[in-house]
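Residue numbers (the working numbering): 845 to 1068. Beta carbons: idealized from backbone N, C-alpha and C, even for Gly. For clarity, every value in this text was computed on a predicted model and none was experimentally measured.
Rendered as structure tokens:
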């Protein structure tokens, strides 16, 4: 049973989210502030976090940042603000998706299901290897030139998709459709943020992800 941490200071909204998650068969932990959220995260093997931004004690941005120091599990951010800068900041900090209040609980549940499902078409335990980068899709471990790299859920999925289609240009629209679906809130800048973070984590191997102007990205084994 997948375990989900719900971090929301509004009691009624938190209870609604929990009811939907439990109905869908998930185990749920709840936190009403950022401090409690981090304590629960450290004490439990959590598979996904639903995280409000405006929280008592420690805000959601700080919670997201601290979780990302230790884990690449999916994080879905909830906020009452629709500013583009807020959404981009969330992605820069490693959030995987973003919902603006008010939102449909069923849309949230669909996003949760998408993140917790195995990547379609990739068998558990299968290795994807190219350009000195190796992904174990079963353990979700990534290494570059033998060094382990901690990627977020979305960064790993982007890298796997590009490596599976080595040498082929993948548009930003294709990435959005493949990884988030057509109900995704955001635009191409979101993809750019994830690619930028991914390249930085890959270090010298970041050059394997090439930007194709006005088209998208492709994975190559050697820099050209």
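(request) Could you check what DSSP says for residue 846 in three-state terms: helix, strand or coil? (result) Reduced to three states, the DSSP call for residue 846 is coil.
(message) Counting C-beta neighbours from all protein chains within 10 Å, is the total for residue 999 16 or more, i.e. buried, or is it exposed?
(response) buried
(request) Along the beta strand (DSSP E) that carries residue 942, what are the first and last residues, could you check? (result) 941 to 944
(message) Can you tell me whether residue 855 is helix, strand or coil according to DSSP?
(response) helix
(request) Could you say which of 988, 1004, 856, 983 lies nearest to residue 976 if we only look at CA atoms? (result) 988
(message) Quick check on residue 914: does DSSP put it in helix, strand or coil?
(response) The answer is coil: DSSP assigns residue 914 none of H, G, I, E or B.
(message) Relative to the C-alpha of residue 940, which candidate in 857, 1020, 852 has its C-alpha closest?
(response) 1020
(message) If contacts are defined as beta-carbon pairs under 8 Å, then residue 1039 and residue 1057 qualify, I think. What distance do you get, rounded to the angstrom?
(response) Residue 1039 to residue 1057, Cβ: 14 Å. No contact.
(request) Going by CA-CA distance only, name the one from 971, 916, 921, 943 that's closest to residue 1042. (result) 916
(request) Just mark residue 1060 as buried or exposed, buried being the case when its beta carbon has 16 or more other beta carbons within 10 Å. (result) buried
(request) Just confirm the distance between the C-beta atoms of residue 937 and residue 993, as a whole number of angstroms; I'd bet it's less than 8 Å. (result) Not really, about 18 Å apart at Cβ, beyond 8 Å.
(request) Helix, strand or coil for residue 924, going by three-state DSSP, please let me know. (result) Taken through DSSP and simplified to helix, strand or coil, residue 924 comes out as coil.
(message) Quick check on the DSSP output: what are the complete beta strand (DSSP E) runs of length 3 or more inside the segment 953 to 1015, in order along the chain?
(response) Under the rule that a run must span 3 or more residues, the beta strand (DSSP E) segments found entirely inside the segment 953 to 1015 read 971 to 974, 977 to 980, 985 to 988, 991 to 993.
(message) Distance check for residue 1049 and residue 863, CA to CA, integer angstroms please.
(response) Going from the Cα of residue 863 to the Cα of residue 1049 covers about 44 Å.
(request) Can you give me the Cβ contacts of residue 967 inside the same chain, cut-off strictly under 7 Å, excluding the 5 residues immediately before and after it? (result) Model confidence at residue 967 stands at a pLDDT of 45, short of 50, so the residue's coordinates are unreliable; what they give is reported in the following sentence. Result list for residue 967: empty, nothing under 7 Å.
(request) Go through its chain and collect everything with a Cβ distance to residue 846's Cβ below 6 Å, but skip five positions before and after it. (result) 870, 891, 960
(request) For residue 874, I'd like the list of residues in its chain whose CB is within less than 7 Å of its CB, leaving aside the five on either flank, ordered along the chain. (result) 850, 858, 862
(message) Rounding to the nearest angstrom, what Cα-Cα distance links residue 896 and residue 932 in this structure?
(response) 15 Å
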